[in-house]
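Same order as they appear, the protein sequences are chains A and B.
For the first sequence, numbering that gives the first Met the number 0 gives the first residue as 0, with consecutive numbering after it.
For the second sequence, numbering that gives the first Met the number 0 gives the first residue as 0, with consecutive numbering after it.
Glycine included, each C-beta is placed from N, C-alpha and C at the ideal position.
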Amino acid sequence: MKSSEKWSTEQRIAALCSVLVLWAVAITGRLVQLQVLQHKELAAKARLQQEHKNPVPAPRGTIFDRFGNPLAVTESVSSVVVDPKHIVNPDLASGLLASLLNLDRNVLLEKIIRAKRLGRRELVVKRRATTQETKNLVDSHLAYVAIRPDTKRVYPNGEIAAHVLGSVFRLKGPEVGAAGVERRLEVVLQGQDGEESVLADVGHHDIDSELRTAARPGTPVTLTIDERLQFVAERELKAGVIAKNAERGSVVVMDPYTGDIYAMANYPTYDPNLPATDPKDHSRINLGAMAPFEPGSVFKVITLTAALETTKFRPETPVATGGGSLKLPGRVVHESHHGYGTITMQQVLEKSSNIGAILIGQQVGRKNLYDYVRRFGMGARTGLPLAENRGLLRPVEQWGSTTLESISMGHEVAVTSAQLARACAVIANGGSLVKPRLVLKRGSVTEPVEPPQRVIRPETAMTMRMMMEGVVLRGTAHNHVKLPGYTAAGKTGTAVIYDPKKKAYTHAYNASFMGFTPVTNPRLVIVVTLNGTHGDGGMGAAAAAPVFQNIALEALRMYDVPKDIPEDYRAKPQPKGQILADLAMPLSKSSVMEEAGTLEKLLAEEPVKIDPDYVPPSGEAGRKPPVLLAGLTPAEPLPATPAAPAQPVIPDFRGMSLRRAVAEATANGLELQVQGSGVARAQIPGPGAPRKSGERIRVVFGK
Amino acid sequence: MAQRLKTDWTLFGTVLVMVLFGGVMIYSASSMMAASRNNSAFYFALHQAIWIALAVPTMVWLKHLPYRKLQNTAVSFIPAGIVVVLLIAVYFLDAKQHRWLRFPGGGLQPSEFAKPALALFLAYFMSIRGRAINSLYTLLPASLVVGLVTFAVVMADLGTAIVLVVMAGVVYFVAGLGWKQFVALTGVVFLGICVSVVVRPYRLCRVVVKFDPEFKLIDKVDKWGWVRGQMAKSITTRDPSYQPLQARIALGSGGPAGLGLMQGRQKLMYLPEAHTDEIYAVVGEELGLFGTVGLLVGFLVIGWRGIRATMRAQDEFGKYLALSLTTLLVVQAFFNMTVVLDMIPTKGIPLPMISYGGSSLLATLISLGILMNVSEHAS
């Protein structure tokens, strides 16, 4: 009672006020501590939980052909990503996603279950989802689904140049090259992803985003490939392989002076737009650069060139090939058909005489022959930016008793089509070994041409050109290579295929033709190889030479190569009844091919890369390769394709002005080559001719 | 009655600004959540607007109602009685939280109305028995009523109960409570709080996480592991330190200047109760130190006007009424801030006038209406 009287009411209220003010001061102090002193630290904590960083995909560099036509482009797409951890019922989820995204349900289920087991937080279910698909997904409000900007490599021409370009695959992060140029030039083509920071709510729903670093796109690469010629090469190779029932084949078209690869075709081929599913997919091997084979008679060119340089042999020097058989230590060599008696060296090449080549080779000697085979670039990589096999040429010390004779005919040595093309270019360009070039430009920087290396004398090359022309005019390739208005030179070759498993030669052939045209100022070197042909029709002359002819015909026209002989010029007809076989003869059970390797061995070295997350689309409709049309995606109805109803024909430009002709050509998607001025007078090909892809129309204008 | 009274514009203006500011902040804090959960960004803001439209006229009506009319037995006891009955009813009706009296179109929290009801009762009681505060015949009946109401509240809502007890304590103290009695009452209240904490596992968790998160002291004192056992009964899945941490992050990332109105990020469901109990953190994040200190000053202004009315009141009833209502508001606001600032364990106390909640707003504005009337008469 007494104590209560010590403080008056006013004092008590004052005490209350002091307590409240002290409390307010404490609150203010704490506010200052949190909002001023700990501001940075807490703001960092806030960012850590509120923001996350997303990569901004950088597009890969586009790959162009030598004229700037895109061969491989990167599209911006929407990818559907799921968070497997948040999928409670994988069965239900896979069914739903499969129906919304048109995917194979069972594969999807498997992938989701596996990803869940591995504890992955991200599984790309579908790349390149259509706008309709993404809309359906967004509408279905699935918590575990996110749609992210992504990039996808697209090969607008499908199979064209598939082996040169290669393909891409993806394990984690951006697409990387799996084969071909895509793989070898990965460093150049690969862009650098940017980064954006995304503000998300507590349930990981993105609210807002801000670009931190912009994506740096990859450097575009221009190849020496000519899309039009590549198309022709592939078309003709395919026709040749099918016509001769061969297993496979390859074609290399090269500029003899610069080494530019205009076309590199293989059959069977594949569509790089479709992800690989089989690690042992033979169709994905670039045979032209990777598959070594015993070349057979085409190799006689090298033997004879060596003879011209190192012995007294001249084209007219007689060679006694005798009655068609020759005794060698432990072996008897036969001509492929019958004996030729005494013939000139020129005729040895024209008739592809095995005995003649052996006799000449013996004159050249082991050391010189080895030296010249090396000079022609055999046994070494050509330096293409591709996975490449260097073939096999044993050093002289390891040669057996008949190796010299074998190599003279093109056995006991393994080469690739690319190596043959390079060797052929030595003759065509006057004696220099060029380095084949596949990349023309990286970005805007032109790839330097490596100075060619002189390997034979120019006179020798001239002589050899002439001799090889003889093969086309009178020899084995006669009747099989006809280029109206143009001269051509070449050499046929047929070699039996060795089966390393059975350790024996089979009855199947490697039929090849290597040649160039025109003879005097060669513009193109073309090497055609068909593997696994049979019978007389499957020999180099009958099987490979026509492919050479068809490709050369189109190529010469495309490049406007001036004609060097009258169009109606006819060589002397060959006497009837003479079969010009050019089959080289293996002398020993060659271990070369065992060492050089089978396709299986090649695949083991360069396995096909498989995208582990790829989910195939459901049904056959989805298996069609994607179509590149601006703003259109495959699942949406495509407009009626203009190419479908009838084969397109070349319009009539005659009588049009220059301006109108160009407009007309542009409207038809044709390329015009204009000559003169005034009114169009003539055109090649003529009006109404079937239009072929990659064709250029020559129109002559006059007043 | 005949004499026209001068409105306390300082108080009236402050209250109006704060109520409207609260509406804006509720929209800012809740729009993202409402858009995703209730399909309308305005869901909470609209509800609050309706309650403001209802509560402000009520306040103005009470402001014009002479407070002396409230000085009778009926007005003092009936509201308190109704509140107690409702609180007990709610305990059984709302099986989960024991808080809500639900009816179609909304709900009421009787515990909010316990505050003005108890204030009215205490003012009336003190106006009669205030001079004999230290008599057992004064303390016992008063504390009985306070205890009854508090007990009814404490079942579900410890925060409100503490505010009620503190208000009663302040009223006793100003009335002239002796030190012995003061200490004794404080002891009883502290014991009561301890018991109510210990019997509710989630409350125990919050307290332990705040004061002894590594169990250093508890393991020394409680060798039998009873506290740990009790805590394990908590059905809350969320880490009890999560909410205070998120509040700290919100305040800290706002910094001195704030991120700007509507620019806050913690309200993206990182900060629980962003538009209700933790709205002070959202204010801090968006408006920085200016916003938080500004609100603090706002409540200090209300406190100043309230104490001023207390001092100037012509009669005992007015004095105690102003005192109790002022204490109620300021203590509740400070309590809320202290919780948000993570200085004491989390308690479910809304920030008066700012937090979302119709019952809270209505009860607060009823209190303020009466306080304004007292203030007008006092000047």
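At a cut-off of 8 Å between beta-carbon atoms, D138(A) makes no contact with chain B. The shortest C-alpha to C-alpha distance from Y171(B) to any of L267(B), F124(B), L203(B) is the one to F124(B). Linking I111(A) to S196(A) through their CA atoms gives a straight-line distance of about 28 Å.
Per DSSP, Q672(A) is one residue of the beta strand (DSSP E) stretching across 670-674.
Bounds of any alpha helix (DSSP H) do not take in H333(A); it lies within the beta strand (DSSP E) bounded by 330-333. For the options V187(B), V282(B), A249(B), the alpha carbon positioned closest to that of Q48(A) is the one of A249(B).
Under the three-state reduction of DSSP, G492(A) is assigned to strand.
Neighbours of T309(B) in chain A, taken as residues at a C-beta separation under 8 Å, are given in chain order as I12.
Close partners of K84(A) in chain B (Cβ separation under 8 Å) are lacking, with about 18 Å as the shortest Cβ gap. Among the residues of chain B, those whose CB is under 8 Å from the CB of E40(A) are G251, following chain order.
At a beta-carbon threshold of 8 Å, the residues of chain A lying near T291(B) are L30, Q34, ordered along the chain. Identification of residues in the region 155-181 of chain A having a C-beta nearer than 8 Å to some C-beta of chain B yields an empty set.
The C-beta of R304(B) comes no closer than 8 Å to any C-beta of chain A. Taking a Cβ-Cβ threshold of 9 Å, the residues of chain A close to F172(B) are R11, A14, L15, in chain order. Interface with chain A (8 Å Cβ-Cβ cutoff): F316(B) is excluded. For D207(A), there is no enclosing alpha helix (DSSP H); the residue is part of the beta strand (DSSP E) that begins and ends at 205-212.
Taking L36(A) as the centre and dropping the five residues before and after it, the same chain places no C-beta closer than 7 Å to its C-beta. Under the DSSP assignment, R127(A) falls outside any alpha helix (DSSP H), being part of the beta strand (DSSP E) whose first and last residues are 122-128.
Our two residues, A312(B) and T72(B), have alpha carbons roughly 20 Å apart in a direct line. Any Cβ of chain B closer than 8 Å to the Cβ of V87(A) would place that residue at the interface, and such an atom is absent.
In terms of Cβ geometry, M466(A) and L348(A) form a close pair [threshold 8 Å]. For the 8 Å CB-CB criterion, L432(A) and P451(A) form a contact. The beta carbon of V373(B) does not come within 8 Å of any beta carbon belonging to chain A, so the residue lies off that interface.
From the listed residues V339(B), G129(B), G158(B), the smallest Cα separation to I348(B) is found for G158(B).
By the CB criterion at 8 Å, M371(B) and L10(B) fall inside the cutoff. By the Cβ neighbour-count rule, H410(A) is buried, with 16 or more other Cβ atoms within 10 Å of its own. At least one CB of chain A lies nearer than 8 Å to the CB of M31(B).
Judged by beta-carbon spacing, P314(A) lies beyond the 8 Å limit of M289(A), meaning their Cβ atoms are not closer than that value. Residue contact with chain B for I62(A): absent (no Cβ-Cβ distance below 8 Å to any residue of chain B). Within 10 angstroms of the beta-carbon of L190(B) lie fewer than 16 other beta-carbons, which makes it exposed.
DSSP places V186(A) in the uninterrupted alpha helix (DSSP H) bounded by 185-188. If you draw a straight line from the Cα of V329(B) to the Cα of F102(B), it is about 31 Å long. Per DSSP, the unbroken alpha helix (DSSP H) holding S359(B) starts and ends at 357-377. Contacts between V144(A) and chain B, judged by CB atoms closer than 9 Å, are missing: the closest CB pair is about 16 Å apart.
Across the region 341-356 of chain B, CB contacts with chain A closer than 9 Å involve D341, M342, in sequence order along the chain. Excluding its 5 nearest sequence neighbours in each direction, M263(A) has C-beta neighbours in its own chain below 6 Å: V163, V251, G287, listed in chain order.
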